[in-house]
Amino acid sequence: QKEVEQNSGPLSVPEGAIASLNCTYSDRGSQSFFWYRQYSGKSPELIMFIYSNGDKEDGRFTAQLNKASQYVSLLIRDSQPSDSATYLCAVLLLTGGGNKLTFGTGTQLKVEL
Amino acid sequence: GAVVSQHPSWVICKSGTSVKIECRSLDFQATTMFWYRQFPKQSLMLMATSNEGSKATYEQGVEKDKFLINHASLTLSTLTVTSAHPEDSSFYICSARQGVQSNQPQHFGDGTRLSIL
Chain A
10 QKEVEQNSGP LSVPEGAIAS LNCTYSDRGS QSFFWYRQYS GKSPELIMFI YSNGDKEDGR
70 FTAQLNKASQ YVSLLIRDSQ PSDSATYLCA VLLLTGGGNK LTFGTGTQLK VEL
Chain B
2 GAVVSQHPSW VICKSGTSVK IECRSLDFQA TTMFWYRQFP KQSLMLMATS NEGSKATYEQ
62 GVEKDKFLIN HASLTLSTLT VTSAHPEDSS FYICSARQGV QSNQPQHFGD GTRLSIL
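Residue numbers (the numbering used here), protein chains in the order written: chain A, 10 to 122; chain B, 2 to 118.
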């Protein structure tokens, strides 16, 4: 079982719709969760982070965390073509060698006109 | 805030050459920096964790003698790929963690695309 799992997509949504991106993780002791956006050929850009169960909103983005289900999601409201990118879920895992940020393989989002 | 600069953006060189990549935190001090490698269509793989003033911690399978890391100041870490070969061609990305707590977000540089001929 992968430590951080995401559906690779592509996830296609029409402009103006809500895009829902999902991520599951295997280590129940994980405490910190991050969403990064990566455009093709570019490096990741931090979108949001969440530490506590529940929802966290920032503009058009909402991160949702459910530690009991080991599930974290990112909602993008009023999706725009510029939101088309790969979204990486990252989980901070506590390992024997220290905390390590582990990335999922990413979900490709396509926002269509 | 939290800007990380990485140079160079592109490197093309012959097999056997050593290549040095710099990672700088421009508006904050970074006790810890990280070096990742990303192959096409794959996610980021952590290579090593770089701590200012101490030896880097390498992930399993990463040769420390081939990938030399120096973190001499709170704003600069360097990765040197020694005697690079075509299989080392990849997208190398550094990140810096703002603050000393391990749960603080990492901010990424723009990456270095390395092509070894």
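Think of the CB as a built atom: it goes at the ideal place given N, C-alpha and C, for glycine as much as any other residue.
Residue i - DSSP class collapsed to helix/strand/coil
i: Glu-88(B); result: helix
i: Asp-87(A); result: coil
i: Asp-36(A); result: coil
i: Asp-28(B); result: coil
i: Asp-64(A); result: strand
Unbroken beta strand (DSSP E) run spanning residue i, endpoints
i: Pro-23(A); result: 20-23
i: Lys-119(A); result: 116-121
i: Leu-45(B); result: Unbroken run through Leu-45(B): none, as it is neither H nor E.
i: Ile-117(B); result: 113-117
i: Ser-78(B); result: 77-82
i: Ala-73(B); result: 68-74
Contacts of residue i in chain B (Cβ-Cβ under 8 Å)
i: Asn-31(A); result: By Cβ distance, chain B contributes nothing, its closest Cβ being about 16 Å from Asn-31(A), past 8 Å.
i: Thr-114(A); result: Gln-43, Ser-44
Closer than 7 Å at the beta carbon, the chain B residues around residue i
i: Gln-40(A); result: Asn-104
i: Asn-108(A); result: Ser-103
i: Phe-43(A); result: Pro-106
Proximal residues of chain B, C-beta to C-beta of residue i below 9 Å
i: Lys-119(A); result: Ordered by position in chain B, no residue passes the 9 Å Cβ test against Lys-119(A), which lies about 16 Å from the chain.
Residue from the options with nearest C-alpha to residue i
i: Asp-64(A); options: Ser-78(A), Ser-82(A), Ser-52(A), Pro-53(A); result: Ser-82(A)
i: Gly-25(A); options: Gly-18(A), Lys-11(A), Ile-85(A); result: Ile-85(A)
i: Ile-70(B); options: Cys-95(B), Glu-88(B), Ser-91(B); result: Cys-95(B)
i: Asn-104(B); options: Gly-113(A), Ala-99(A), Val-120(A), Lys-119(A); result: Ala-99(A)
i: Tyr-33(A); options: Gln-15(A), Phe-43(A), Leu-20(A); result: Tyr is not the amino acid found at residue 33(A); the sequence shown has Thr there. It is Gln-15(A).
i: Ser-35(A); options: Gly-115(A), Ala-77(A), Pro-90(A); result: Ala-77(A)
i: Tyr-93(B); options: Glu-23(B), Gly-112(B), Gln-43(B), Pro-9(B); result: Gly-112(B)
Contact set between residue i and chain A, taken where Cβ atoms lie within less than 8 Å
i: His-108(B); result: Leu-55
Distance cut-off 7 Å: residue i Cβ against heavy atoms of the ligand FAD
i: Cys-24(B); result: This structure simply doesn't include the ligand FAD, nor any ligand for that matter.
Counted within 10 angstroms of its Cβ, other Cβ atoms place residue i as buried (16 or more) or exposed
i: Trp-11(B); result: exposed
i: Tyr-45(A); result: buried
i: Leu-118(B); result: exposed
i: Arg-37(A); result: exposed
i: Ser-91(B); result: buried
Chain-ordered neighbours of residue i on chain A, where CB pairs are closer than 9 Å
i: Leu-47(B); result: Lys-109, Leu-110, Thr-111, Phe-112
i: Ile-94(B); result: Ser-52, Pro-53
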